[in-house]
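This report concerns only the one structure given below.
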Amino acid sequence: MAQTMQFDLVSPERALASLQASAVQIPGAEGDMTAMPSHAPTITTLRPGVLKVESPEGNSEYLVTGGFAEIAGDSLSVLAERAIPMAEMTRDQMNDLIEEAREMYKTAKEEDQPHGLVEDAAKLLADMEALGTHMSL
Amino acid sequence: MPSLKDLKNRIESVKSTRKITKAMQMVAAAKLRRAQEAAEDSRPYAKRFNAVMAGLAASVGGSDSAPKLLRGTGSDQVHLLVVMTAERGLCGGFNSNIAKLARQKAAELKGAGKTVKVLTVGKKGRDALKRDLGSDFVGHVDLSEVKRIGYVNAQTIAKDILTRFDAGEFDVATIFYSEFVNVVTQIPTAQQIIPASFEAEEGESSGAVYDYEPGEEQILADLLPRGVATQIFSGLLENGASEQGARMSAMDNATRNAGEMIDKLTIEFNRSRQAVITNELIEIISGAEAL
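Chains as they are written, first to last, in my numbering: chain Z, 45 to 181; chain X, 50 to 340.
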C-alpha cells in the first residue's frame with residue numbers, strides 16, 4: 045500500500061502546490077474529511093475553510109474559499125477558487141474576505157435572488173466568520 | 050520640391066516616431082512574457098476542471114433534471130455574443146479580427162432568423178461593432194482600470210452573464226476571443242459556453258467510479274457557474290497574451306518602416322543639398338564669366 049499520494053493544489057491563477065502527501069484534511073461542503081492514500085474515489089465540493097496537508101517533508105496549511113476536490117486513490121487534486129498559504133494570510137486579508145461575503149449576502153437578500161442563493165450567501169458568510177475566529181490572528 | 054529645412058524636420062519627426070514604436074515594442078515584449086506565464090499557469094486548473102466536468106456531465110447530462118446551464122433552455126432563439134477585445138489599439142489586426150468574426154457570426158444568426166444580443170468586454174471591440182451591431186448591445190464590461198487580469202474579473206463577467214441567463218434573456222452564449230498560438234499567429238475563436246459542453250481529453254479519464262459528496266447533481270449545479278467563469282478567465286488570459294503578441298509584431302513592423310523611411314528621406318535630403326551646392330557654384334562661375 046502506498047504511503048503517500050500525489051497532492052495538487054491549483055487555483056485558476058496558478059498551481060500552488062504539487063507534492064507527495066500522507067494525509068490531507070479537506071473542508072468538504074458536508075463536513076471535514078481526511079483523505080489518505082487509497083481513499084475511495086470521491087469528488088466533493090469545498091466550503092471556505094482550512095486545508096491541512098501532512099507530508100513526510102512537513103505540514104502545511106492553506107486557506108481555501110470554495111471549489112472542489114477530486115480524490116482518486118493515489119492522487120488528490122484540490123481545485124480552489126482562491127487558495128492562500130496560511131503563512132501569508134493576514135488579518136486584513138481575512139477581513140476583506142469576510143467583508144466580501146457580507147456584501148454578497150446583502151445584495152443577494154436585497155435582490156431576492158432565486159435558487160437559495162440567499163441561504164448560500166448566508167452560509168458563506170457564516171463559514172468565513174467562523175474561519176476568521178478559528179484563525180484568531 | 051520640399052526645402053532642406055522641411056526635409057530635416059521630417060527626418061527628425063520620423064526618428065522620434067521610430068523611438069516611440071521601438072519602446073512600445075519592447076514594453077509589449079516584456080508584457081507578453083508575463084501574459085504568457087499567466088496563461089500557462091491557469092492551464093492546469095482549466096484542464097482538471099474540464100476533466101471532472103466531462104465525467105460529471107456524461108453521467109448526469111442525459112437526464113431531464115440536469116441543470117439548465119448544461120441542458121440549455123430547450124430553444125436556441127436568442128444568442129448572446131460576448132465579444133472580448135483589448136482596451137487599447139495599436140496592436141495590428143488583433144481587435145478587428147475578433148470583431149470581424151463576431152460580425153460574421155451575428156450576420157449568420159440573423160440570417161437564420163435568430164435574435165442577437167451583444168455584450169462587449171474591452172473598449173475597442175465596442176467601438177468596432179458599434180456601427181453594425183450597436184442596437185443589439187446589452188452591456189459592456191470595462192477593464193481599462195485593471196492592470197493585471199485576475200480570476201475576480203472573470204467572475205464578475207460570469208456573474209453578469211449568469212444573471213442574464215437566469216432572467217431568461219438568452220438561450221445560447223458564445224464568447225469571442227483570440228487564441229494565442231505564437232507571437233505572429235493569433236486565431237480569433239468563438240466558443241460556446243452556455244449550454245456548456247465539456248470535452249474530455251483522450252486518456253484523461255481514470256475510469257474510476259467516484260463517490261459524490263453532496264450528490265452528483267448538486268455538485269454539477271455548483272460547478273457549472275464556476276465553469277463559465279473558468280472559460281471566461283482562460284479566454285481573457287489568451288486574449289491578454291494575444292494582444293501583447295500582436296502589438297509586438299505590429300510595432301516591430303512600424304519600427305522597420307520608420308527606418309526605411311528615414312533612409313529614403315536622408316537620400317533625398319543629401320541629393321537636394323548637393324543640388325543646392327551645384328546651383329550656387331554654377332551661379333558663381335557664370336557670374337565670373339560675365340565680367
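Backbone N, C-alpha and C fix where the C-beta goes; we use that ideal spot for every residue, glycine too.
Contact list for residue i against chain Z, beta-carbon separation under 7 Å
i                      : result
residue 262 of chain X : 72, 74, 86, 88
residue 259 of chain X : 85, 86, 87
Closer than 7 Å to chain Z by CB, residue i
i                      : result
residue 282 of chain X : yes
residue 252 of chain X : With a pLDDT of 44 at residue 252 of chain X, under the threshold of 50, the modelled position of that residue is not reliable, and the figure given next carries that caveat. Taking Cβ atoms only, chain Z never reaches closer than 7 Å to residue 252 of chain X, which makes this a no.
residue 255 of chain X : Per-residue confidence for residue 255 of chain X stands at a pLDDT of 49, beneath the threshold of 50, marking its modelled position as unreliable; no derived number is given.
Neighbour flag for residue i against chain X, beta carbons, 7 Å
i                      : result
residue 98 of chain Z  : no
residue 168 of chain Z : no
residue 104 of chain Z : no
residue 59 of chain Z  : yes
residue 123 of chain Z : yes
Where residue i sits in the DSSP three-state scheme
i                      : result
residue 259 of chain X : coil
residue 60 of chain X  : helix
residue 55 of chain X  : helix
residue 193 of chain X : coil
residue 298 of chain X : helix
residue 274 of chain X : helix
residue 230 of chain X : coil
residue 219 of chain X : coil
residue 126 of chain X : coil
residue 163 of chain X : coil
residue 173 of chain Z : helix
residue 73 of chain Z  : coil
residue 114 of chain Z : strand
residue 124 of chain Z : strand
residue 137 of chain Z : helix
residue 92 of chain Z  : coil
residue 86 of chain Z  : strand
residue 98 of chain Z  : strand
residue 327 of chain X : helix
residue 80 of chain Z  : coil
residue 48 of chain X  : This structure does not reach residue 48 of chain X, given that chain X is present from 50 up to 340, and the question cannot be answered.
residue 136 of chain X : coil
residue 332 of chain X : helix
residue 108 of chain X : helix
residue 57 of chain Z  : coil
residue 47 of chain Z  : coil
Proximal chain X residues relative to residue i, where beta-carbon distance stays under 7 Å
i                     : result
residue 56 of chain Z : 91, 94, 200, 279, 282
Proximal residues of chain Z, C-beta to C-beta of residue i below 9 Å
i                      : result
residue 210 of chain X : Residues of chain Z passing the Cβ test: none, with the nearest at roughly 15 Å.
residue 268 of chain X : 73, 87, 88, 89, 112
residue 273 of chain X : Under the 9 Å cutoff, chain Z gives no residues; its nearest Cβ is about 12 Å from residue 273 of chain X.
Check whether residue i and residue j have beta carbons under 7 Å apart
i                      : j                      : result
residue 124 of chain Z : residue 93 of chain X  : no
residue 92 of chain Z  : residue 172 of chain Z : yes
residue 64 of chain Z  : residue 99 of chain Z  : yes
residue 86 of chain Z  : residue 115 of chain Z : yes
residue 207 of chain X : residue 281 of chain X : yes
residue 227 of chain X : residue 288 of chain X : yes
residue 188 of chain X : residue 211 of chain X : no
residue 223 of chain X : residue 98 of chain X  : no
residue 66 of chain Z  : residue 52 of chain Z  : no
residue 31 of chain X  : residue 134 of chain X : The structure shown does not extend to residue 31 of chain X, since chain X is modelled only from 50 to 340, so the question has no answer here.
residue 57 of chain Z  : residue 200 of chain X : yes
residue 293 of chain X : residue 80 of chain X  : yes
residue 91 of chain X  : residue 291 of chain X : no
residue 70 of chain X  : residue 303 of chain X : yes
residue 105 of chain X : residue 269 of chain X : yes
residue 136 of chain Z : residue 49 of chain Z  : no
residue 128 of chain X : residue 190 of chain X : no
residue 133 of chain Z : residue 107 of chain Z : yes
residue 235 of chain X : residue 148 of chain X : no
Contact list for the region 83 to 102 of chain X against chain A, Cβ threshold 8 Å
The displayed structure is made up of protein chains Z and X, and chain A is not among them.
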